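Okay, so here's the structure we're looking at.
Residue numbers (the numbering used here), protein chains in the order written: chain A, 1 to 229; chain B, 1001 to 1229; chain C, 2001 to 2229; chain D, 3001 to 3229; chain E, 4001 to 4229; chain F, 5001 to 5229.
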């Protein structure tokens, strides 16, 4: 029986916005290289970068009823995360539903399925990360769970976890660890910022990262082209 | 033996252009959710939106001879629809052939195979929907049928059926039903136009589409997060 | 044991730049329709067109150590070509590494794997052709061969072979044949340039390419639509 | 609105059985190399070889209601052909439904979707050609057309067309041409039977098919390994 | 930092074995149509049917170190469940490791990656469900988590959850619900057993499942073939 | 222009047969984990294990002419290796051609494309490793190179290199290194044989491979389930 969970906890939006600023690649590293959705979940336009509290939703194949149920549970700063109960590329979200989501404070959509009206969504700058673009609309016969834990594109997501999405993909940060991950992400950014000018100036990664000693341990052999047999 | 059919009937261009204006998602719904090509047929640039009379063409794998045969059969307002006899990603159409198609009144190409010279085609704004982009050109050894019924990307298409293509995909409307579908599409657009401001103003789809009663029938249960065991 | 080959020969940059100007589709035809990488290797932004001397590099799955080794071997006008030892979509190259490559004269990257930081790379206009975009970074535990012959996306590439990449894909030209292929490519361009105005003026490919006689040989039959049973 | 067509014409079962005996590869050649389903439609056990009259059926994604409608329309010698309205790998047919189909004279199933209970179906020797094997069952909410023309795995199929399926795949023969194709298939078998002993005895295809003369026309060059530069 | 959790709870083996007897399709239905792994996880030989307590394990791409760590945590009746941190088809498990797993009571393997030595594993009747078969072995450089919750092929799995695998695929049942699901599965089997003879005797699903009334509600229309325009 | 190279060198058949006995996984490790074809090249029946001298052949898409050319160049102990110039799943080899190959001493086929008549080939026990099974036959219009170096399924293969194929996949060993690799493979087999009884007796890989010390270096942490927060 489908379940709709009300009043789920959210992550503080300051933390959410901090994670958006850090970006997906940095957040992924900062939390120990976990939480990344499958790489075939791609943005419908670029550049795009947002983060939000996961508003989770399961849908039957070819059926978007539960997305309408989810809209009622939305809060400002949410990001809708949709997973089908079996693989489906149909266009579950179009411009009407996007308008409804926006009206309820939702910042964007991550869906392991399809989306449609992408010309209009692009004009509206309503960001969507999806597995497919498809004009095929959906029926409203079979509802699914809303605001329960789900697996989306290979990652376990609970309502109120932070979802960060940009041109590189989508990563999920657990609500409990979000503040800690944000701190680690900022440290990582600082570390990268200090390396950037050195690399741009021509310093080699082999030196910057102290990798020369280990080259010998691994048996790397250097030969001159003209010395090969 | 390859067959070339001359003087096939076309759909009136006013109807064709009306369907282009409605767009693929609306037309697909308006004709009872049929006629949509596989979702991996994608435009080489966005935004793009056209419709035309299907100028159909079968090609051997790696061989574009019959496209040259098709050009001679083209009329103003046609849209070339190409299907290979076995799956092939080669680049069957390039900028030279696009120039030839344009000279004969063809508005664009839908092909369940590959296309090349996409930088030039994009500059020319010659729209192509294809399964692949590939620099690999083709030979001219094995002709195929031209202007016979074909299956393209999962849909049955006859010469003179209307093909509508935009950023969401490609849909085919039978010649006999085109005028009726156009009327239904316009009705549907009007209906959507009346709903858009209500959804944008925050009215829920659950109310707008009268879905609340059926929620109970389907056994949907609402619980508060803090009431879960 | 991993091998790094120093001082490999390069192709003259005048030839390399000439091949870039000709473009991938023309070069592919000019060298007898060989050397094209798989069509799923796509540019991260369009339009893009470059050529360079192949700086080759093998990487373990999820491990980009050998790319850092390769940077030290780079010369002005090189193009990094990376192949994983088993299929992997991880993001092997990001903006830091791109900055390092640029500092050492590398013009771009072709990789049968993933890339990340694509928003920044796009702003920098650092061109990459890849199989995937993925935020997932890599470790540095297992080095691989650098500047040895490799197979990348189905094509055999040796250090100093010319790699040409544009919106249509990527093609490899052997160092020994590069000058000859450049000449053939220019001849081909001239031939196409002479055909373009004739096709644009409406002359049919059937006539321009003398294909009418062979139509009968192949048994192509023309019928009128209304004459079909 | 879903349509169920009763009393559609069938092909004579003697012709159907003759085509089964010829096998898919031979029938495909005999009818001019057309009518072959996509190669990812595979048998659940091997060897298997059957033919039957197409009993056609469209299903919604994740919904097998119309298969139950189709069973009532079945006749002895039918072969159920199922296509989903959008791609779906769910297991539409299981052992209960197979028992029901058998009871109504259906010889097997061809489905551009999934099947389940394959251990039992294999024991029963009930042959199924499918795109997937999946334990996921289906709902019964949305009926589709039964016994109307459909496209299945890339091929247009009408009720009563002959469907031939074996270890190599599935081919469709139109009802009107079935007898002619059977004759051509038998001629082809005879021709192949005469060639088999000659090839087995070592005669070369180059000689048997008179291909030597054309080798020179195509510019094929023979060189000795030791004569290469 | 990789974590190894010792002494995780298991599900009673009587329940586990009961679920194996019910089979994947029945268990999936009995627990509300959830918990099914992606359909591309397939057995290396058929028929095969087992269930076990999930012994979970994360592996780096191309690296099977953590499987060796997992063996030490195994108990009689476990089933090893392996997920890579990025997609990888390498052969993580071969006959040596299978022997080691068997010696520690492990009944089989479910892996969202590759396996090798399948000829020997088949002879040994050691059952494996995998995404790929690949001769490519793995290194031992990067350990991952063992006996922590993971996502495998789209499903969330915790140590001691029940994993049921047969020719139709793989399903996961949570430890807490295993006994309840087993009861529901047995009820379902009884229900199916009562329907089987009726369907085999020719009773229609339309009647058995009381679907006739709803046909009219859905607007299904019956027409005779000869009455179509 | 297509080239046919005669009298290419072969590897001694004693070495070839020794490599077959070692099997693909062992040979792949023994030569430094290189030379493995893509994992989607699969045998049409199992078990199967052979090795042979590569008889190489390039084919145009949908065209098997050059395979007939290759037969004439065959010698006892050869294994035909076929690669298409663009991806193609057509059935290039059927039972007639298999009979011809057998008559000329060819032991089997490895093809990065399709094969047909698999029921007959299975009865004949003629082993084929292919990317697809397809009933679609091929034309004879465009010849390709025979006995030149090619790339097949991601690996560079020269005539007379050793190709080893079994249930795990296909690996290529260069002619010059074949004897050395055979020796390394036998050493590896001996090493594995000594480990097998220890693992089967329950000794852990962690101990057998001395991995315990490195666990701490990598920061692996053991916790008891009940001690987790």
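In this text, a Cβ means the ideal position worked out from N, Cα and C, and glycines have one as well.
On a predicted model such as this, the values are computed, not experimentally measured, just so you know.
The three-state reading of DSSP puts residue 2209 (chain C) in coil, since its state is none of H, G, I, E or B. For residue 3218 (chain D), the number of other beta carbons within 10 angstroms of its own is below 16, and it is reported as exposed. Judged by their CB atoms, residue 3168 (chain D) and residue 3051 (chain D) are not nearer to each other than the 8 Å cut-off.
Below the 8 Å Cβ cutoff, chain F contributes 5151, 5154, 5155, 5156 as neighbours of residue 2151 (chain C), in chain order. Judged by DSSP secondary structure, residue 5197 (chain F) falls outside any beta strand (DSSP E) and instead within the alpha helix (DSSP H) spanning 5178-5200.
Counting C-beta pairs closer than 8 Å gives fewer than three between the region 3190-3197 of chain D and the region 1186-1196 of chain B, which falls short of the contact rule.
Counted as a single uninterrupted DSSP element, the alpha helix (DSSP H) harbouring residue 5072 (chain F) occupies residues 5065-5073.
In this structure, the alpha-carbon of residue 2120 (chain C) lies about 16 Å from that of residue 2130 (chain C). Per the Cβ contact rule, the region 1153-1160 of chain B is not in contact with the region 1014-1023 of chain B (fewer than 3 Cβ pairs under 8 Å). Using a Cβ-Cβ cut-off of 8 Å, residue 1104 (chain B) counts as an interface residue toward chain C, since at least one Cβ of chain C sits closer than that to its own. With its beta carbon less than 8 Å from one in chain C, residue 5085 (chain F) belongs to the interface. DSSP places residue 1082 (chain B) in no alpha helix (DSSP H) but in the uninterrupted beta strand (DSSP E) bounded by 1078-1084.
Contact annotation for residue 33 (chain A) against chain E: 4085 [CB-CB distance below 8 Å, chain order]. Take residue 3088 (chain D), set aside five residues on each side of it, and the residues of its chain with a beta-carbon closer than 7 Å to its own are 3061, 3062, 3113, in chain order.
Approximately 17 Å separates the beta-carbon atoms of residue 4175 (chain E) and residue 4022 (chain E); this is outside 8 Å, ruling out the contact. Between the beta-carbon of residue 1156 (chain B) and that of residue 9 (chain A) there is about 52 Å, and that puts the pair past the 8 Å contact cut. DSSP, read as helix, strand or coil, puts residue 91 (chain A) in strand.
The three-state reading of DSSP puts residue 6 (chain A) in strand, counting E and B together. Here residue 4018 (chain E) carries a helix assignment [DSSP, helix/strand/coil]. Each of F:5102, F:5205, F:5215, F:5033 was checked against the Cα of residue 5073 (chain F), and the nearest Cα belongs to F:5102.
Taking the Cβ atoms as the reference, residue 136 (chain A) lies roughly 5 Å from residue 91 (chain A), within the contact range of under 8 Å. For residue 4012 (chain E) and residue 76 (chain A), the gap between their C-alpha atoms comes out near 45 Å. Identification of chain E residues near residue 5039 (chain F) by a Cβ-Cβ cut-off of 9 Å yields 4089, 4090, 4091, 4114, 4132, 4133, 4134, 4135, 4136, ordered along the chain. Exposure of residue 2014 (chain C) is indicated by the presence of fewer than 16 other C-beta atoms within 10 angstroms of its C-beta.
Contact note: residue 1141 (chain B) reaches chain F through 5141, 5142, using a C-beta cutoff of 7 Å and chain order. Under the DSSP assignment, residue 2056 (chain C) falls in the beta strand (DSSP E) whose first and last residues are 2050-2059.
Under the three-state reduction of DSSP, residue 102 (chain A) is assigned to helix. For residue 3029 (chain D), the C-beta contacts it makes with chain F under 8 Å involve 5137, in order along the chain. Across the structure, residue 5201 (chain F) and residue 215 (chain A) are spaced so that their CA atoms are roughly 38 Å apart. For the options B:1106, B:1143, B:1199, B:1133, the alpha carbon positioned closest to that of residue 1126 (chain B) is the one of B:1106.
In this chain, residue 1151 (chain B) is not harboured by any alpha helix (DSSP H); it is covered by the beta strand (DSSP E) spanning 1150-1152.
Here residue 4145 (chain E) really is in contact with residue 4003 (chain E); their C-beta atoms are around 5 Å apart, less than 8 Å. Unbroken beta strand (DSSP E) runs of no fewer than 3 residues, entirely contained in the region 2110-2156 of chain C, are found at 2128-2133, 2150-2152, following chain order. Shown here for residue 85 (chain A): same chain residues with a beta carbon closer than 8 Å to its own, the five before and five after excluded, namely 58, 59, 60, 61, 144 in chain order.
For residue 198 (chain A), the CB contacts under 8 Å within the same chain, skipping 5 residues up- and downstream, are 208 in chain order. At a cut-off of 8 Å between C-beta atoms, residue 2060 (chain C) counts as an interface residue with respect to chain E.
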